[in-house]
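Peer 1: Chains as they are written, first to last, in our numbering: chain A, 3 to 355; chain B, 401 to 801.
Supplied in structure tokens, the structure appears directly below.
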């Protein structure tokens, strides 16, 4: 028989004070973007000498993963599954700069090693001395949802326990600049993050972050159940309503059970309209957003899941996230719908106790 | 394992040729694809040999012929070529909603992005360069191939260094076994780029001569480029459409060395665990394995570590084994899928392929690989190893249907 999968620990590093807690108490307002994370001190997690050569991406992901395991009371994970939109872009840039500037005459092994996209997952394994299954997914907006599907497969179908699955992506100045050319981000540096959903110009608020989760088949006291995940390439926004119905039916839930709908509104008016069908389909659920708090990035949906988990665990949401409906009083069933540039659509369904 | 996962199509493009038949011909005739670098423009071309696909971008684009050639990186073109061949053999329609695409790559569109990188940063791109903006990340080639073929469902990319496409095969197999997909197109693609040549050069693990895996005097690896894909199918789906099974994916495992970010542990702990668990998942004992396609890169570190792991699992005389990287070079993210295609060929043609250029066994782990193709072998089960940076170790078991 299929096992159930529970989130028994979670940790998020974001532009908000989300680290090592169940709920965000005070929302930080920014006036420019990209938003950068509030990075905890790595000395609390490992020998700073060992961390010296680690990129910001690796540090961030490593701390979130270790903290999630600590919060779940797990020393050895049954699997380590990491998602990242484009891995260690800071190391890649360092290597390319060096290679092009010196016309291939100067070698830089450290940057090359750091540029390997699974270096974060490898570093987590080394930090924990874990010989377990170790995967890294890179599929833009589908990176985290497909990694999470793997985690669900492990726990539900393959009898694995304590699977740590999460995501990390950073925004570097070059990445911000080069991707702003293609209108991914808003052209103006001056963007008030908490008002971004009222803007009418093209492009999203840029950000970064990391969130990790521990999945287990045995619930802990405050465990939230991961009821289902879906990831679709090139879906139409309207199709996601039917897929959400399918996900709910599989989990034995009715549409009216969904009391919290979290969508990935990012401030780009055209992209944000792709959430209209799902919003109309769940008119009675509390409607919340999260990207004004952390910005848009390939794996922002991992933070979307963290905010949903946080709402179910703590029973409340910050005012700044809620667009419609109640902010407190507990939530039972949360659906997260996200898309990246209208191509990678995903759904994640959580159930509280 | 409860349900069979069938392989119903294979496709490949490598330095050995642009099709499965061309690759098989080179393997059987012991004709290596490793030679002087002539296609890639790099300062190191006279220093290191490599296994190149000898088609320049325009010729490759003409061969593969996507609907529009705009914005196709070399990795994406190589990938599409191999996917086309695998789908044609399987005879399936990839637009079916329960069909997934799971690809693998270590460097994605790097062959293009490294040549426009400075122009992009300095805002000096010309119209020709402009088309390659946004083709850099490994997920891009998967997205592009999916869009070209009309795959609108589950797609993802795995990037775990040199075990990437072995892991793509494993994920596809697991998703079919659990009923999440009926068909999974799995494999990987990696084009040779200056980035990878310089990266491996910086690690000082490239051989200046054609590589000699498992030889006492081995000096390192040769890089290669390739794409290879397999069509995996559930038994029910294959039967319902009267498809033909070429072989089965019968076992798999992924473990971690947790030893060093780029080096394998001296005793091959991760490699041993991966092979042991793969056999366990296939329900086989070591003596059931008829042939091992080893990772065998030709570096001091890998071959010793893998050799010790082989000795630990199989004893002093393991079954026939060889590194086909002596033909294709190390094709990084594509290697696991390239070698999976070779495993299917080995099963189909009852042959163990050669480990070219081997002369003298390693003193510390004296093992003798297959020196020349062994024909008329009964091959029921093959073990295939792929190990990568980040301590990532994968083993797959392929079985005759």
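Note that CB positions come from ideal geometry on N, CA and C, so glycine has one too.
1) Rounding to the nearest angstrom, what Cα-Cα distance links residue 412/B and residue 224/A in this structure?
2) Quick one: what's residue 583/B bridged to in DSSP?
3) Quick check for students: name the residue ranges of the beta strand (DSSP E) that lie wholly in the stretch 513-538 of chain B, counting only runs of 3 or more.
4) Taking the straight line between their C-alpha atoms, what separation do you get for residue 635/B and residue 619/B?
5) Look at residue 198/A and residue 188/A and say whether their C-beta atoms are less than 9 Å apart.
6) Assuming residue 328/A and residue 288/A form a contact by the criterion Cβ under 8 Å, report the distance between their Cβ atoms to the nearest whole angstrom.
7) Output needed for residue 306/A: all residues of its chain with C-beta closer than 7 Å, excluding positions within five of it in sequence on either side, in chain order.
8) Buried or exposed for residue 18/A, please, with buried defined as at least 16 other CB atoms from any protein chain shown within 10 angstroms of its CB.
9) Just tell me which of 209/A, 180/A, 342/A, 226/A has its CA closest to the CA of residue 215/A.
10) Do we get a CB-CB distance below 9 Å when we pair residue 448/B with the residues of chain A?
11) List the residues of chain A that residue 555/B touches, going by C-beta distances under 7 Å, in chain order.
12) Taking the continuous beta strand (DSSP E) assigned at residue 707/B, which residues delimit it?
13) Using the rule of at least 16 other Cβ atoms within 10 Å of the residue's Cβ for burial, across every protein chain shown, is residue 406/B buried or exposed?
14) With DSSP run on the structure shown, which of helix, strand or coil describes residue 19/A?
15) Sorted by chain position, which residues of the same chain lie with C-beta nearer than 6 Å to residue 11/A's C-beta, five sequence neighbours on each side aside?
16) I want to see whether chain B comes within less than 9 Å of residue 102/A, judged by CB atoms only; does it?
17) Assuming residue 713/B contacts residue 659/B (C-beta within less than 8 Å), just tell me the rounded distance between them.
18) List the residues of chain B that residue 44/A touches, going by C-beta distances under 8 Å, in chain order.
19) Starting from residue 655/B, trace the beta strand (DSSP E) both ways and give me its first and last residue.
20) Check whether chain B comes within 9 Å of residue 151/A, counting only Cβ atoms and requiring the distance to be less than that.
21) Which class does residue 611/B belong to by DSSP, given the choice of helix, strand or coil?
22) Going by DSSP, which residues form a beta bridge with residue 797/B?
23) Tell me the rounded alpha-carbon separation between residue 55/A and residue 65/A.
24) With a cut-off of 8 Å, do at least 3 Cβ pairs link the stretch 109-127 of chain A to the stretch 80-96 of chain A?
25) Which runs of the alpha helix (DSSP H) fall wholly inside the stretch 74-151 of chain A and span at least 4 residues, in chain order?
26) In angstroms with no decimal places, state the Cα-to-Cα distance between residue 617/B and residue 765/B.
27) Work out the CA separation of residue 506/B and residue 118/A for me, nearest whole Å.
28) Return the Cβ separation of residue 178/A and residue 294/A in integer angstroms, given the expectation that the two are a contact with Cβ distance under 8 Å.
29) List, in order along the chain, the chain B residues whose C-beta lies closer than 7 Å to that of residue 279/A?
30) Could you check which residue in 654/B, 607/B, 495/B, 513/B has the C-alpha nearest to that of residue 565/B?
31) At what residues does the beta strand (DSSP E) containing residue 342/A begin and finish?
32) Within 10 angstroms of the Cβ of residue 229/A, are there 16 or more other Cβ atoms? Answer buried if so, exposed if not.
33) Quick one: what does DSSP say residue 296/A is sitting in, helix, strand or coil?
34) Does any CB atom of chain B fall closer than 9 Å to the CB of residue 183/A?
35) Secondary structure at residue 214/A, three-state DSSP: helix, strand or coil?
Peer 2: The short version:
1) Position 12 of the second chain, counted from the start, is the residue given in the question as residue 412/B. Position 222 of the first chain, counted from the start, is the residue given in the question as residue 224/A. Looking at the two C-alpha atoms, the distance is approximately 50 Å.
2) Here residue 583/B refers to the residue found at position 183 of the second chain. According to DSSP, residue 583/B bridges with 499/B, 633/B.
3) none
4) One-based indexing of the second chain puts residue 635/B at position 235. One-based indexing of the second chain puts residue 619/B at position 219. The alpha-carbon atoms of residue 635/B and residue 619/B are separated by roughly 44 Å.
5) To locate residue 198/A, count along the first chain from 1; it is residue 196. To locate residue 188/A, count along the first chain from 1; it is residue 186. A contact, by the Cβ cut-off of 9 Å.
6) Working through the first chain from its first residue, we reach residue 328/A at position 326. Working through the first chain from its first residue, we reach residue 288/A at position 286. Right, the Cβ-Cβ distance comes to about 6 Å (below 8 Å), so this counts as a contact.
7) Walking along the first chain from the start, residue 306/A turns up at place 304. The answer, listed in chain order, is 264, 266, 292, 338, 340.
8) Numbered from its first residue, the first chain carries residue 18/A at position 16. It counts as buried.
9) Counting from one through the first chain, the residue named residue 215/A turns up at place 213. Of 209/A, 180/A, 342/A, 226/A, the residue nearest in Cα terms is 226/A.
10) For the purposes of this step, residue 448/B is taken as the residue at position 48 of the second chain. Not closer than 9 Å to any Cβ of chain A, the Cβ of residue 448/B fails to qualify, so no.
11) Here the question's residue 555/B lines up with position 155 in the second chain. Within 7 Å Cβ-Cβ: 141, 144, 235.
12) The residue labelled residue 707/B in the question sits at position 307 within the second chain. Careful: residue 707/B lies outside any beta strand (DSSP E), inside the alpha helix (DSSP H) at 700-714.
13) Locating residue 406/B in the second chain gives position 6, where the first residue counts as 1. It is buried - the Cβ of residue 406/B has at least 16 other Cβ atoms within 10 Å.
14) For the purposes of this step, residue 19/A is taken as the residue at position 17 of the first chain. DSSP places residue 19/A in coil when its eight states are reduced to three.
15) For the purposes of this step, residue 11/A is identified with residue 9 of the first chain, where counting begins at 1. Taken in chain order, the residues that qualify are 70, 73, 74, 216.
16) For the purposes of this step, residue 102/A is taken as the residue at position 100 of the first chain. Closer than 9 Å: yes.
17) In the second chain, counting from the first residue as 1, residue 713/B sits at position 313. In the second chain, counting from the first residue as 1, residue 659/B sits at position 259. Their Cβ separation, rounded to whole angstroms, is 18 Å, which puts residue 713/B and residue 659/B out of contact at 8 Å.
18) Along the first chain, read from residue 1 onward, the residue named residue 44/A stands at position 42. By Cβ distance, chain B contributes nothing, its closest Cβ being about 17 Å from residue 44/A, past 8 Å.
19) By one-based count along the second chain, residue 655/B stands at place 255. Segment 647-656, the beta strand (DSSP E) holding residue 655/B.
20) Taking the first residue of the first chain as 1, we reach residue 151/A at position 149. Closer than 9 Å to some Cβ of chain B, the Cβ of residue 151/A qualifies, so yes.
21) Numbered from its first residue, the second chain carries residue 611/B at position 211. In the structure shown, residue 611/B sits in coil (DSSP, three-state: anything other than H, G, I, E or B).
22) To locate residue 797/B, count along the second chain from 1; it is residue 397. Bridge partners of residue 797/B: 651/B, 783/B.
23) Numbered from 1 along the first chain, position 53 holds the residue referred to as residue 55/A. Numbered from 1 along the first chain, position 63 holds the residue referred to as residue 65/A. One C-alpha to the other measures close to 15 Å.
24) yes
25) 91-103, 111-117, 121-130
26) For the purposes of this step, residue 617/B is taken as residue 217 along the second chain, with counting starting at 1. For the purposes of this step, residue 765/B is taken as residue 365 along the second chain, with counting starting at 1. If you take the alpha carbons of residue 617/B and residue 765/B, they lie about 13 Å apart.
27) Within the first chain, numbered from 1, the residue matching residue 118/A stands at position 116. Within the second chain, numbered from 1, the residue matching residue 506/B stands at position 106. So the two alpha carbons sit approximately 7 Å from each other.
28) The sequence position of residue 178/A within the first chain is 176, counting from 1. The sequence position of residue 294/A within the first chain is 292, counting from 1. That pair is no contact at about 18 Å.
29) One-based indexing of the first chain puts residue 279/A at position 277. Simply none; closest approach about 17 Å.
30) By one-based count along the second chain, residue 565/B stands at place 165. It is 654/B.
31) Position 340 of the first chain, counting from 1, holds the residue named residue 342/A. Residues 335-342.
32) Here residue 229/A is taken as the residue at index 227 of the first chain, counted from 1. It counts as buried.
33) Along the first chain, one-based indexing puts residue 296/A at 294. Looking at residue 296/A - three-state DSSP - the assignment turns out to be helix.
34) By 1-based counting over the first chain, the position of residue 183/A is 181. With 9 Å as the cut-off, residue 183/A counts as an interface residue toward chain B.
35) Along the first chain, one-based indexing puts residue 214/A at 212. Here residue 214/A sits in strand by DSSP.
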